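K.L.:
Numbering (UniProt numbering), first residue to last: 1 to 742.
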Ligand SMILES: Nc1nc2c(c(=O)[nH]1)N[C@H]1C(S)=C(S)[C@@H](COP(=O)(O)OP(=O)(O)OC[C@H]3O[C@@H](n4cnc5c(=O)[nH]c(N)nc54)[C@H](O)[C@@H]3O)O[C@H]1N2
Ligand SMILES: Nc1nc2c(c(=O)[nH]1)N[C@H]1C(S)=C(S)[C@@H](COP(=O)(O)OP(=O)(O)OC[C@H]3O[C@@H](n4cnc5c(=O)[nH]c(N)nc54)[C@H](O)[C@@H]3O)O[C@H]1N2
Ligand code: SF4
Ligand SMILES: [Mo]
């Protein structure tokens with residue numbers, strides 16, 4: 001048996017760990033952490049360890065599927081694309097471009113193909129109906145950064161390895177391995193903060209495993225982050241603890257506006273909604289101000305809630321007013337190797353168009369996934385009749401997903417680029433499956449800009465895809481060409497993108513290729529596939545690149561791949577605010593008018609808060625799970641990874657619910673039944689269901705997942721509830737009732 005070792009990045013979560021694979025007869029037979037990866041240094045979690053089993057999953061699709069009267073049947077690639085072409089043209093000709101919607105899911109952010117080719121599909125369709133998982137996730141952070149810094153992609157990360165004080169809101173990296181903060185072995189990095197004498201504080205309605213590791217855990221009512229964060233800012237101003245260094249102050253507009261805005265949001269006033277003792281709030285604020293190197297970090301708990309944008313903004317307000325933005329040990333901007341610092345910038349704005357039915361504003365070219373069902377169901381001009389999904393499972397992941405699931409069944413055409421026939425893709429008329437992970441190249445275009453060290457790694461495919469099997473990049477390129485209606489080859493798309501990028505780069509003063517001939521530069525890109533050539537171009541134009549010969553020792557794809565197969569460490573994060581800032585004023589806009597206006601809604605919610613808010617539901621992530629699609633790997637199922645309703649022991653006693661009993665959970669949108677798990681880890685008044693379950697639908701082909709289906713938490717979430725500034729779904733803090741099942 002031919003056995004060899006291969007290296008690649010784990011594509012499963014944001015921690016971007018390096019893997020060492022044993023390959024026998026072209027199959028992955030063992031997965032270890034890559035000890036020579038300078039960033040992950042051999043770390044591996046159970047999900048990464050099971051990549052071989054995921055890769056070999058017999059339920060993965062090996063050929064395109066066409067839906068007929070008797071369900072889905074395999075077909076050839078040409079036949080599948082002919083079908084897409086004919087039916088897509090038909091919808092566009094009859095109803096116009098906006099009748100075709102796109103939904104791009106989470107795995108599209110964990111590949112080369114997603115970031116480099118999904119935008120081309122969107123562009124080719126010329127539709128306003130663009131949806132992604134971002135509006136069920138991190139969009140508030142983009143909107144916040146867009147307004148504050150001018151660039152929605154400029155999201156500062158906590159400088160984990162150097163901070164002396166970490167204040168975390170709504171993040172559970174011991175299960176999730178971190179998000180909007182790529183840090184392999186996040187747990188070890190957190191422990192190290194304490195080992196070097198620093199402190200870690202976790203603010204969460206649930207005492208998580210991350211909270212266990214912290215110095216302090218503070219219970220906070222779901223959805224109340226903005227109130228607590230505003231009170232922290234208020235204390236800093238009131239106690240004269242606001243002291244940004246002169247260099248930061250010089251780049252700041254709106255400091256006094258923020259002071260005025262929060263002046264009355266005292267710890268005492270907000271305590272009735274936060275559930276946090278005023279003395280605790282004051283102590284947290286003082287400790288943050290006193291720490292020489294501190295970072296505030298907020299994640300999913302702070303974004304998928306009614307005040308997601310205000311919370312995301314106030315996290316950075318705290319980092320800025322305490323002088324911790326853009327300094328070692330504080331909140332810093334990564335400098336990814338593939339993103340040129342010389343690029344054309346457009347002013348950031350949201351609401352450049354609105355959704356048809358609910359008039360919700362566009363953010364980053366997207367409409368809220370919370371309104372996709374409205375756009376499919378509501379008659380009239382511009383109604384969505386066709387949907388293309390790329391690596392997404394909105395039939396489980398979207399708010400009120402049960403409604404969306406029903407709506408998907410009514411589409412004239414649905415096309416899914418996805419390796420599984422699951423809850424979403426079962427509705428697809430055509431399923432286009434990408435090859436297996438071992439046959440797929442990898443570079444983290446989307447995640448390396450959020451890493452706690454500057455780092456890059458390229459993984460070529462470990463084994464070639466079978467003959468005739470297109471890569472995901474090739475599938476998306478062909479889909480883009482098909483959607484455009486142009487008579488072009490998929491490779492023409494790459495050529496157009498390369499030409500366009502080079503043309504802009506040579507025109508930009510300061511760029512390493514300013515003034516050069518784009519045709520000559522194109523000729524220098526000879527390495528590998530066209531996808532690899534595009535990556536080579538990005539790296540060479542990037543901050544460590546060779547500038548197409550300008551700096552002969554600089555990075556190229558060949559150098560990264562051949563000389564650094566375990567990845568390259570490009571150093572600790574460095575201050576780079578001036579490189580990042582691109583607001584119209586050239587300064588940080590600390591108090592954007594839209595955010596100031598939204599504090600009116602915050603105050604109204606404070607005044608209207610009932611004395612007894614009843615039970616509210618939050619989500620939960622398990623270490624051996626990944627959103628909706630790892631439940632099909634036998635090694636990862638069972639044990640603690642089960643779909644139970646957690647509730648506080650106090651509430652369980654009050655409701656007469658014992659461990660293992662069945663309970664019925666009811667919200668405006670629906671009802672589910674689950675097994676109860678009373679725990680002292682949840683604050684009274686809060687219940688929790690993990691997300692990504694509900695694998696009991698007919699017509700799917702995920703046999704392991706279907707055997708232990710669980711229930712969908714998104715049968716209970718409400719598509720009407722969004723954070724208006726970002727269109728992001730409110731997935732936490734959902735009002736529910738719980739009763740024992742007789
Ligand atoms: N094992 C595993 N890893 C994953 C995933 C997975 O499904 N499984 N998913 C990946 C994805 S897509 C993402 S986006 C990341 C998410 O990464 P994290 O943000 O770390 O994810 P969660 O574990 O959902 O943590 C959110 C925390 O917020 C708390 N919370 C809920 N509501 C509130 C609130 O209103 N305020 C506050 N302060 N806290 C609240 C929850 O109790 C929970 O502990 O994880 C990624 N990694
Ligand atoms: N109630 C509640 N809802 C939530 C959340 C929550 O915490 N609570 N979390 C939200 C968050 S953070 C997120 S990111 C979203 C996720 O929402 P989605 O992205 O819609 O859902 P996933 O479960 O990540 O689905 C991934 C899909 O991609 C497919 N896939 C896997 N690998 C590949 C690949 O290589 N290529 C392609 N093309 N497809 C692939 C899988 O088969 C699956 O169909 O869910 C959100 N929904
Ligand atoms: S932490 Fe994330 S990237 Fe690392 S091995 Fe686990 S799933 Fe893969
Ligand atoms: Mo996510």
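C-beta: ideal position from N, C-alpha, C; glycine also.
Being a predicted model, the structure only gives us computed values, none of them experimental.
1) What residue range does the beta strand (DSSP E) around residue 218 cover?
2) Within its chain, find whatever has a CB closer than 7 Å to the CB of residue 267; leave out the 5 residues flanking it on each side and keep chain order.
3) With a cut-off of 8 Å on the beta carbons, I'd call residue 591 and residue 261 a contact; round off their distance for me.
4) Any idea what DSSP makes of residue 453, helix, strand or coil?
5) Any heavy atom of ligand 4 inside 6 Å of the beta-carbon of residue 444?
6) Measure the alpha-carbon distance for residue 187 versus residue 433 and round it to whole angstroms.
7) Can you list, in chain order, the residues of its chain with a C-beta nearer than 8 Å to that of residue 658? Leave out the 5 residues immediately preceding and following it.
8) For residue 361, write down the residues that DSSP places opposite it in a beta bridge.
9) By the DSSP assignment, the beta strand (DSSP E) with residue 169 in it spans what residues?
10) Do you know how far the Cα of residue 129 is from the Cα of residue 379?
11) DSSP three-state call for residue 723: helix, strand or coil?
12) State the Cα-Cα distance for the pair residue 560 and residue 568, rounded to the nearest angstrom.
13) Going by beta carbon distance, what residues of the same chain come within less than 6 Å of residue 55, once the five residues before and after it are set aside?
14) For the alpha helix (DSSP H) containing residue 297, name the first residue and the last one.
15) Using a Cβ-Cβ cutoff of less than 6 Å, which residues in the same chain neighbour residue 13 once the five nearest sequence positions on both sides are dropped?
16) Are the Cβ atoms of residue 722 and residue 715 separated by less than 7 Å?
17) Pull up the CB-CB distance for residue 511 and residue 342, whole angstroms please, since I reckon it's below 8 Å.
18) Whole-angstrom Cβ separation of residue 609 and residue 273, contact assumed at under 8 Å?
19) So for residue 305, helix, strand or coil by DSSP?
20) Is residue 640 helix, strand or coil when you go by DSSP?
21) CB residue 555 to CB residue 571, shorter than 7 Å?
22) For the structure I just gave you, are there three or more beta carbon pairs, one from the stretch 67 to 80 and one from the stretch 353 to 364, closer than 8 Å?
23) So which of 725, 43, 110 has the shortest CA-CA distance to residue 442?
24) Evaluate the contact criterion for the stretch 632 to 648 versus the stretch 683 to 700: three or more CB pairs, one atom per stretch, below 8 Å.
25) Assuming residue 705 and residue 632 make a contact with CB atoms under 8 Å, what is their CB distance in whole Å?
26) Check whether the Cβ atoms of residue 450 and residue 157 sit closer than 7 Å, and answer yes or no.
27) Just to confirm the assignment, what range does the beta strand (DSSP E) spanning residue 209 have?
28) Taking the straight line between their C-alpha atoms, what separation do you get for residue 734 and residue 397?
29) Alpha carbons only, please: which of 407, 664, 104, 211 is nearest the one belonging to residue 617?
30) Taking C-beta to C-beta, are residue 108 and residue 333 nearer than 7 Å?
31) The beta strand (DSSP E) with residue 9 in it runs from where to where?
32) State the Cα-Cα distance for the pair residue 47 and residue 692, rounded to the nearest angstrom.
33) My output table needs one value for residue 646: the three-state DSSP class, helix, strand or coil.
34) What's the C-alpha gap between residue 169 and residue 299?
35) Whose CA, out of 184, 139, 192, lies closest to the CA of residue 165?
36) Report the rounded CA-to-CA distance for residue 294 versus residue 500, giving the unit in angstroms.
P.N.:
Walking through what the data contain:
1) 216 to 218
2) 231, 235, 278, 281, 282
3) 7 Å
4) strand
5) no
6) 34 Å
7) 652, 676, 678
8) 354
9) 165 to 169
10) 15 Å
11) strand
12) 7 Å
13) 28, 436, 437, 438
14) Unbroken run through residue 297 is the beta strand (DSSP E), 294 to 298; no alpha helix (DSSP H).
15) 177
16) no
17) 4 Å
18) 5 Å
19) coil
20) coil
21) no
22) no
23) 110
24) yes
25) 4 Å
26) yes
27) Taken as a continuous stretch (DSSP letters only), residue 209 belongs to no beta strand (DSSP E), being part of the alpha helix (DSSP H) at 209 to 213.
28) 15 Å
29) 664
30) no
31) 3 to 9
32) 15 Å
33) strand
34) 6 Å
35) 192
36) 42 Å
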